[in-house]
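Novice:
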Amino acid sequence: MAYQTPTRKNLQLLACTAPALLVFITMKMIPAMMGFWYSLTSWNGINPYKPFIGLENFREIFTSDSYFWDSLVFTFRYTIWIVIVMNILALSLALAIESQKRTKGVFRTLFYLPNMISLVIGSFMWSFIFTKVLYYAADNWGWAFLDHSWIGDPAYSFYAILTVALWGGTGYIMIIYIAAIQGVPDV
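Residue numbers for the sequence shown follow this note's numbering, so the first one is 524 and each next one is one higher.
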């Protein structure tokens with residue numbers, strides 16, 4: 524292999540990484556900087572006039588906007604629940620599946636299936652479950668605890684969102700745990 528001077532090698536590396544760097548700067552960095560700049564103005568999104576107001580928007584959010592604090596609490600609750608419950612479910616499923624000999628492949632596929640379904644199809648499916656199936660079960664089978672507005676009532680919508688997120692993400696985490704379990708040598 525021919526010797527390359529450090530400058531020539533650096534130019535080759537720059538030529539290889541420049542397109543990705545250009546896309547990153549164009550699609551991530553510039554919009555992030557523009558978003559921060561717009562947060563320091565009183566721009567309505569339509570009018571070309573953008574008066575600079577400094578940190579006033581942030582002061583207003585932190586002092587007088589109750590929706591901000593509600594959404595922050597919701598995000599914190601959601602994150603705690605998802606991290607704990609999803610990891611417990613995924614690890615339990617991974618251990619149960621790896622203990623099986625004959626049906627291992629079937630169960631892996633079955634639990635990973637939500638990751639292969641389109642988000643649109645999954646959304647329609649869960650919308651149908653929350654608006655039709657649960658009401659049918661409540662009316663016809665006498666399961667009154669299911670007779671709630673799962674999507675419309677804020678007291679229950681958190682659990683509906685949590686259920687859909689767990690359904691969609693547990694299989695992926697389960698596959699990671701299965702790979703880790705298979706990497707442990709037999710003693």
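Glycine included, every Cβ here is placed at the ideal spot set by N, Cα and C.
#1: At which residue ranges does the region 646-679 contain complete alpha helix (DSSP H) runs of 4 or more residues, listed in the order of the chain?
#2: Closest by CA to N502, which one among Y572, P574, L563, P571?
#3: From W604 to L669, what distance separates their C-alpha atoms?
#4: Once DSSP output is grouped into helix, strand and coil, what is the label at T564?
#5: Do you know how far the Cα of G706 is from the Cα of G577?
#6: Using a Cβ-Cβ cutoff of less than 6 Å, which residues in the same chain neighbour Y679 once the five nearest sequence positions on both sides are dropped?
#7: Apart from the five residues just before and just after P637, which ones in its own chain have a Cβ nearer than 7 Å to its Cβ?
#8: Can the beta-carbon of A617 be found closer than 8 Å to that of Y700?
#9: Within this structure, are the beta carbons of I696 and M609 separated by less than 8 Å?
#10: How about A683 and F653: do their beta carbons lie closer than 8 Å?
#11: First and last residue of the alpha helix (DSSP H) that includes D593?
#12: Our contact map puts I584 next to F575 with C-beta atoms below 8 Å; I'd like the distance itself, whole angstroms only.
#13: Tell me, to the nearest whole angstrom, how far the beta carbon of P621 is from that of I704; I am working on the premise that it is less than 8 Å.
Specialist: Let's see:
#1: Complete alpha helix (DSSP H) runs here, min 4: 657-663.
#2: No answer is possible for residue 502: the residues shown for the chain start at 524 and end at 710.
#3: C-alpha separation (whole angstroms): 21 Å.
#4: Reduced to three states, the DSSP call for T564 is strand.
#5: CA-to-CA, the gap between G577 and G706 works out to about 53 Å.
#6: When the five nearest sequence neighbours on each side are left out, the beta carbons in the same chain lying within less than 6 Å of the beta carbon of Y679 are those of H671, W673, in order along the chain.
#7: Exclusion of the five residues before and after P637 leaves G645, W690, G691, G694 as the residues of its chain whose Cβ lies within less than 7 Å of its Cβ.
#8: Yes, the pair counts as a contact, with Cβ atoms nearer than the cut-off.
#9: I696 places its beta carbon less than 8 Å from that of M609.
#10: Yes, Cβ-Cβ distance for A683 and F653 is below 8 Å.
#11: 589-622 is the span of the alpha helix (DSSP H), which, as asked, contains D593.
#12: About 17 Å; that fails the 8 Å criterion.
#13: Here residue 621 turns out to be Glu, not Pro, going by the sequence shown. With a Cβ gap of about 5 Å, E621 and I704 count as contacting.
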